[in-house]
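Student: My questions all concern the structure below.
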Amino acid sequence: MQKQREMPYVAHVFVCTNDRGGEKKSCADNNSQLTKARLKQAVDEKGWRGKVRISTSGCMGLCSNGSHVMIYPQKVWFSGVLPDDVDEIVSAIERILADD
1 MQKQREMPYV AHVFVCTNDR GGEKKSCADN NSQLTKARLK QAVDEKGWRG
51 KVRISTSGCM GLCSNGSHVM IYPQKVWFSG VLPDDVDEIV SAIERILADD
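Under the UniProt record's numbering, think of the first position of the sequence shown as 1, with each following residue one higher.
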């Protein structure tokens, strides 16, 4: 029998990497894979493993405004994200961890 538990992370960051292959705009058009890689690198460099998890997300349904990054459970949402925006997202994570 499965047990319900509290989330093991302070913040879980989802990066949409949905790729529609050029048929329609998608988050992958803004190089979201690189955004995810840079976020993972930042988590490692800052020693946040075990507190912050970076995961790939499928489509979040707002492709025309992508790329999207969501921080759960804090309900923080970034749209139009490019790899150069990672510092802003990392700053948001720092504020979340400081409040924890």
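A virtual CB, placed ideally from N, CA and C, is assigned to each residue, including glycine.
Considering only C-alpha positions, which residue in the set GLU23, LEU97, ASN18 is nearest to GLY50?
Tutor: LEU97
Student: So, for VAL43: in the same chain, excluding its five sequence neighbours on each side, which residues have a beta-carbon less than 7 Å away from its beta-carbon?
Tutor: ARG49, VAL52, ILE54
Student: So, is LYS75 buried or exposed, given that buried needs 16 or more other C-beta atoms within 10 angstroms?
Tutor: exposed
Student: Quick one: what's got a C-beta closer than 7 Å to GLN33's C-beta in the same chain, skipping five residues either side?
Tutor: THR17
Student: If you draw a straight line from the alpha carbon of ARG38 to that of VAL86, how long is it in whole angstroms?
Tutor: 7 Å
Student: Hey, SER64 and ASN30: beta-carbon distance below 8 Å or not?
Tutor: no
Student: Output the boundary residues of the beta strand (DSSP E) element that contains ALA11.
Tutor: 11–16
Student: How is SER26 classed by DSSP in three states: helix, strand or coil?
Tutor: coil
Student: Hey, which unbroken runs of the beta strand (DSSP E) at 3 residues or more fall wholly within the region 33–68?
Tutor: 52–57
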